[in-house]
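*Asks:* Just so you know, the sequence shown maps onto residues 3 to 406 in our numbering.
Even for Gly, the Cβ is constructed at its ideal location relative to N, Cα and C.
Being a predicted model, the structure only gives us computed values, none of them experimental.
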Amino acid sequence: MTGWWARVFMHKKPIPDERRGVTLIELLVVITILLILLAVMVPRLRPMMEQRRIREASRTVSAFFYAARNRAMEIGRPVGVSIERLKIQPEAAVTLRMVEEPPAYAGDVIGARAIVRRLGTSPLFQVRLNTAEVASMLTQTLPVAVGDVITFESQGVRYRIVGLDLNGDGNPDADPDNLIGDPNFPVQSTPFAVLLVKLEDVADTPWPVTNNPSAPFPPENPANGIGSRPVTFQIYRRPESTAAAPVRLPTGTVIDLYSSGTDSMALMGNPSGFVPVDHNPSTPEIEDPTPVIVLFAPDGRVQRVFYQNTQSAVTEPIYLLVGRWERMPAMASSPPTQRGPSLAEDGLYNWQDMTNYWLVVNPNTGLAVTAPVSGTTLVNNVKVPNDLYTARNDARQMKGVGGR
Numbered sequence: 003m004t005g006w007w008a009r010v011f012m013h014k015k016p017i018p019d020e021r022r023g024v025t026l027i028e029l030l031v032v033i034t035i036l037l038i039l040l041a042v043m044v045p046r047l048r049p050m051m052e053q054r055r056i057r058e059a060s061r062t063v064s065a066f067f068y069a070a071r072n073r074a075m076e077i078g079r080p081v082g083v084s085i086e087r088l089k090i091q092p093e094a095a096v097t098l099r100m101v102e103e104p105p106a107y108a109g110d111v112i113g114a115r116a117i118v119r120r121l122g123t124s125p126l127f128q129v130r131l132n133t134a135e136v137a138s139m140l141t142q143t144l145p146v147a148v149g150d151v152i153t154f155e156s157q158g159v160r161y162r163i164v165g166l167d168l169n170g171d172g173n174p175d176a177d178p179d180n181l182i183g184d185p186n187f188p189v190q191s192t193p194f195a196v197l198l199v200k201l202e203d204v205a206d207t208p209w210p211v212t213n214n215p216s217a218p219f220p221p222e223n224p225a226n227g228i229g230s231r232p233v234t235f236q237i238y239r240r241p242e243s244t245a246a247a248p249v250r251l252p253t254g255t256v257i258d259l260y261s262s263g264t265d266s267m268a269l270m271g272n273p274s275g276f277v278p279v280d281h282n283p284s285t286p287e288i289e290d291p292t293p294v295i296v297l298f299a300p301d302g303r304v305q306r307v308f309y310q311n312t313q314s315a316v317t318e319p320i321y322l323l324v325g326r327w328e329r330m331p332a333m334a335s336s337p338p339t340q341r342g343p344s345l346a347e348d349g350l351y352n353w354q355d356m357t358n359y360w361l362v363v364n365p366n367t368g369l370a371v372t373a374p375v376s377g378t379t380l381v382n383n384v385k386v387p388n389d390l391y392t393a394r395n396d397a398r399q400m401k402g403v404g405g406r
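(1) Please classify Asn388 as buried or exposed, where buried requires at least 16 other C-beta atoms within 10 Å of its C-beta.
(2) Measure how close the beta-carbons of Tyr55 and Thr255 come, nearest whole angstrom, since I'm counting them as under 8 Å.
(3) Quick one, which of Arg99, Glu93, Leu88, Glu155 has its alpha-carbon nearest Gly113's?
(4) If you compare alpha carbons, which of Arg120, Gly82, Gln91 is closest to Glu102?
(5) Check whether the segment 260-271 touches the segment 33-44, taking contact to mean three or more Cβ pairs, one atom from each stretch, closer than 8 Å.
(6) Can you give me the C-alpha to C-alpha distance between Asp348 and Gln354, rounded to a whole angstrom?
(7) Could you tell me the boundaries of the beta strand (DSSP E) in which Val136 lies?
(8) Verify whether the separation of the beta carbon atoms of Val164 and Val146 is less than 8 Å.
(9) In or out: Met270 buried (at least 16 other Cβ within 10 Å) or exposed?
(10) Going by alpha carbons, who is nearest to Phe235 out of Ile152, Arg61, Ala245, Asn169?
(11) So if DSSP puts Thr232 in a beta bridge, which residue, or which two residues, is it bridged to?
(12) Near Asp396, what residues of its chain come up, given a Cβ to Cβ distance below 7 Å and the 5 sequence neighbours on each side ignored?
(13) Output the distance between the C-alpha atoms of Val196 and Ser60, rounded to the nearest integer angstrom.
(14) Identify the residues that DSSP records as bridge partners of Ile320: which are they?
(15) Count the other CB atoms, across all protein chains shown, that sit within 10 Å of the CB of Leu29; report buried if there are 16 or more and exposed otherwise.
(16) Quick one, are the C-beta atoms of Val96 and Arg250 less than 8 Å apart?
(17) Which of helix, strand or coil does DSSP assign to Ile33?
(18) Here's the rule I'm using: 16 or more other beta-carbon atoms within 10 Å means buried, otherwise exposed. How should Asn352 be labelled?
(19) When DSSP labels each residue in this structure, what does Leu126 get in the three-state scheme?
(20) If I measure Cβ to Cβ from Ala332 and keep anything under 7 Å in the same chain, skipping five residues before and after, which residues do I get?
(21) Where does Ser84 fall in DSSP's three states?
(22) Identify which residue in Ala247, Arg160, Leu259, Ser335 has its Cα closest to the Cα of Asp203.
(23) What span of residues does the alpha helix (DSSP H) with Ser314 cover, start to end?
(24) In this structure, how does DSSP classify Met100 when only helix, strand and coil are distinguished?
(25) Please state whether the Cβ-Cβ distance between Gln128 and Leu201 is less than 8 Å.
(26) Quick one: what's Gly258 bridged to in DSSP?
(27) Among Ser335, Asp301, Met400, which has the Cα closest to the Cα of Leu361?
(28) For Tyr391 and Thr143, I'd like the C-alpha separation in whole angstroms.
(29) Hey, would you say Ile117 sits closer than 8 Å to Arg130, going by beta carbons?
(30) Rounding to the nearest angstrom, what Cα-Cα distance links Asn223 and Gln313 in this structure?
(31) May I ask you to report which of helix, strand or coil DSSP gives Leu297?
(32) Based on the DSSP secondary-structure assignment, which residues constitute the bridge partners of Glu242?
(33) List the residues that DSSP assigns as beta-bridge partners of Ile163.
(34) Nearest-angstrom Cα distance between Ala334 and Pro278?
(35) Which class does Val111 belong to by DSSP, given the choice of helix, strand or coil?
(36) With a threshold of 6 Å on Cβ separation, who are the neighbours of Asp258 within its own chain once the five nearest residues in sequence on each side are excluded?
Here it is in structure tokens:
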């Protein structure tokens with residue numbers, strides 16, 4: 003028996019100790035301590051989180067510009083970045099798209115020709131096109147837009163398309179589709195389409211030269227000196243979106259187009275940046291769908307900038323300000339020289355916030371550098387720049403920032 007009882011006690015499992023639970027008072031104390039810690043830490047962490055969002059947005063913009071530049075060098079054709087305006091605030095942008103310049107348009111048939119006539123001594127010209135040679139067979143529209151550039155017989159003289167002039171009066175037709183940025187002029191079943199064009203550089207010598215600018219137009223017989231002889235033409239159209247996915251900036255961050263631009267724009271101040279165009283001054287809102295496009299050449303440099311639907315060569319750095327939505331005015335400025343108050347509590351604009359960043363693009367190389375906003379004057383114990391020009395001091399010297 004002794005051995006049997008010994009074996010029973012040896013194989014008997016010990017009874018575990020009872021565990022004591024947490025009381026309600028102890029749980030409330032822990033929760034209170036956590037809430038106090040959160041109340042202390044969140045205000046300290048919030049600026050760091052906002053600053054990280056701004057830096058992430060600036061890196062996103064910089065990487066997208068580098069991707070467009072590399073793409074242009076890879077395919078040997080102009081590629082750029084389209085900065086799309088917000089509809090509710092056209093001075094701000096949050097979406098970037100990659101665009102490519104389509105091949106020059108020279109008509110739908112090999113033998114397409116144009117006849118050119120100058121309107122007196124003005125820089126305006128009328129260009130008559132045969133719609134059977136240029137109008138698309140299915141849509142019956144001209145595949146061009148206001149702001150596109152046309153040349154004749156591959157000469158260097160460039161003309162900017164102002165609009166349609168189907169009635170031949172020398173003024174753009176009052177057509178709702180004949181607006182800046184609206185592509186494809188409707189020509190319907192008219193036998194001829196007349197484009198109104200303007201010398202891009204008034205100092206250029208017009209070519210071809212017409213012998214009798216005051217004669218009726220369109221000419222019935224181009225050989226009698228009423229208009230030019232039939233000439234070939236090349237229309238350089240606006241860049242078009244590619245299949246690449248667009249990029250959207252992080253929540254709460256924007257590209258401030260009012261403060262973006264060049265130093266010449268900032269010094270002239272009328273306007274100081276890439277402000278929108280008021281298509282209908284009779285309404286309080288400014289509706290301008292036209293984006294700002296920075297186009298890179300196949301050699302990597304900045305070839306042109308599209309702003310207000312005008313192509314411009316670039317000879318100085320381009321500054322893009324990446325900032326916060328709350329530092330934008332509630333509405334676009336009208337007129338552009340009188341900007342509304344900032345939405346921020348301290349009333350500062352994006353160019354006055356030293357935690358924001360500039361993306362500066364070198365026009366000669368196409369390389370982009372991210373630099374902080376420069377501050378010079380203390381306002382409420384915060385250093386802010388005196389004006390938009392001084393806010394770019396570090397960016398102007400290409401003092402980039404690195405790390406995360």
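*Replies:* Quick answer:
(1) For the purposes of this step, residue 388 is identified with residue 386 of the sequence shown, where counting begins at 1. That one is exposed.
(2) Counted from its first residue, the sequence shown places residue 55 at position 53. Counted from its first residue, the sequence shown places residue 255 at position 253. As written in the sequence, residue 55 is Arg, which differs from the Tyr given in the question. Rounded, the Cβ-Cβ distance is 6 Å, consistent with contact.
(3) Numbered from 1 along the sequence shown, position 111 holds the residue referred to as residue 113. Checking every option, the nearest Cα to that of Gly113 belongs to Glu155.
(4) As a first step, residue 102 is located in the sequence shown; it is residue number 100 there, counting from the start. Selected option, being the one with the closest Cα: Gly82.
(5) no
(6) Here residue 348 refers to the residue found at position 346 of the sequence shown. Here residue 354 refers to the residue found at position 352 of the sequence shown. Their Cα atoms are separated by approximately 11 Å.
(7) One-based indexing of the sequence shown puts residue 136 at position 134. Val136 -> not in any beta strand (DSSP E); alpha helix (DSSP H) instead, spanning 133-136.
(8) Mapped onto the sequence shown, residue 164 falls at position 162. Mapped onto the sequence shown, residue 146 falls at position 144. Contact flag unset, no.
(9) Position 268 of the sequence shown, counted from the start, is the residue given in the question as residue 270. By the neighbour-count rule (16 or more Cβ atoms within 10 Å), Met270 is not buried but exposed.
(10) Stepping through the sequence shown from its first residue, residue 235 is reached at position 233. Closest option to Phe235, Cα to Cα, is Ile152.
(11) On the sequence shown, residue 232 is found 230 positions in, with the first residue counted as 1. First, the residue type needs correcting, since residue 232 is Pro and not Thr in the sequence shown. Paired residue(s): none; Pro232 is not in a bridge.
(12) Within the sequence shown, the letter at position 394 stands for residue 396. So the qualifying residues of the chain are Ala373, Pro374, Ser376.
(13) To locate residue 196, count along the sequence shown from 1; it is residue 194. To locate residue 60, count along the sequence shown from 1; it is residue 58. Val196 and Ser60: Cα-Cα distance of roughly 45 Å.
(14) Within the sequence shown, residue 320 is the residue found at index 318, counting from 1. Paired residues: Val363.
(15) Taking the first residue of the sequence shown as 1, we reach residue 29 at position 27. Exposed, because fewer than 16 other Cβ atoms sit within 10 Å of the Cβ of Leu29.
(16) Counted from its first residue, the sequence shown places residue 96 at position 94. Counted from its first residue, the sequence shown places residue 250 at position 248. Going by C-beta atoms, Val96 is nearer than 8 Å to Arg250.
(17) Taking the first residue of the sequence shown as position 1, residue 33 is located at position 31. Three-state result, Ile33: helix.
(18) Locating residue 352 in the sequence shown gives position 350, where the first residue counts as 1. Asn352 is buried by the Cβ-count criterion.
(19) Along the sequence shown, one-based indexing puts residue 126 at 124. The answer is strand: DSSP assigns Leu126 an E or B state.
(20) Position 330 of the sequence shown, counted from the first residue, corresponds to residue 332. Counting only Cβ-Cβ distances below 7 Å, and skipping sequence neighbours, we find Gly342, Leu345.
(21) As a working note, residue 84 is residue 82 in the sequence shown. DSSP places Ser84 in strand when its eight states are reduced to three.
(22) Position 201 of the sequence shown, counted from the start, is the residue given in the question as residue 203. When only C-alpha atoms are compared, the closest one is Arg160.
(23) The residue given as residue 314 occupies position 312 in the sequence shown. Where Ser314 is concerned, there is no enclosing alpha helix (DSSP H), although the beta strand (DSSP E) it sits in stretches over 312-314.
(24) As a first step, residue 100 must be located in the sequence shown, where it is residue number 98. Met100 falls in the strand class under three-state DSSP.
(25) Counting from 1 along the sequence shown, the entry for residue 128 is found at position 126. Counting from 1 along the sequence shown, the entry for residue 201 is found at position 199. Taking 8 Å as the Cβ cut-off, Gln128 and Leu201 do not qualify as a contacting pair.
(26) If you number the sequence shown from 1, residue 258 lands on position 256. The sequence as given places Asp at residue 258; Gly does not occur at that position. According to DSSP, Asp258 bridges with Ala94, Leu323.
(27) The count along the sequence shown starts at 1 and reaches residue 361 at position 359. Cα-wise, what sits closest to Leu361 is Met400.
(28) If you number the sequence shown from 1, residue 391 lands on position 389. If you number the sequence shown from 1, residue 143 lands on position 141. So the alpha carbons of these two residues sit roughly 45 Å apart.
(29) As a first step, residue 117 is located in the sequence shown; it is residue number 115 there, counting from the start. As a first step, residue 130 is located in the sequence shown; it is residue number 128 there, counting from the start. Yes, the pair counts as a contact, with Cβ atoms nearer than the cut-off.
(30) Indexing the sequence shown from 1 puts residue 223 at position 221. Indexing the sequence shown from 1 puts residue 313 at position 311. Because the pLDDT at Asn223 is just 44, under 50, the model does not fix this residue reliably, and the value given afterwards should be weighed accordingly. Taking the straight line joining both Cα atoms gives about 34 Å.
(31) On the sequence shown, residue 297 is found 295 positions in, with the first residue counted as 1. If DSSP states are grouped into helix, strand and coil, Leu297 belongs with the strands.
(32) For the purposes of this step, residue 242 is taken as the residue at position 240 of the sequence shown. Paired residue(s): Glu102.
(33) Working through the sequence shown from its first residue, we reach residue 163 at position 161. Ile163 is bridged to Val199.
(34) Your numbering for residue 334 matches position 332 in the sequence shown. Your numbering for residue 278 matches position 276 in the sequence shown. Answer to the nearest angstrom: the Cα atoms are 8 Å apart.
(35) Working through the sequence shown from its first residue, we reach residue 111 at position 109. Val111 falls in the coil class under three-state DSSP.
(36) Locating residue 258 in the sequence shown gives position 256, counting from the first residue. For Asp258, where only same-chain residues beyond five positions count, the Cβ hits under 6 Å are Leu323, Gly325, Asn352.
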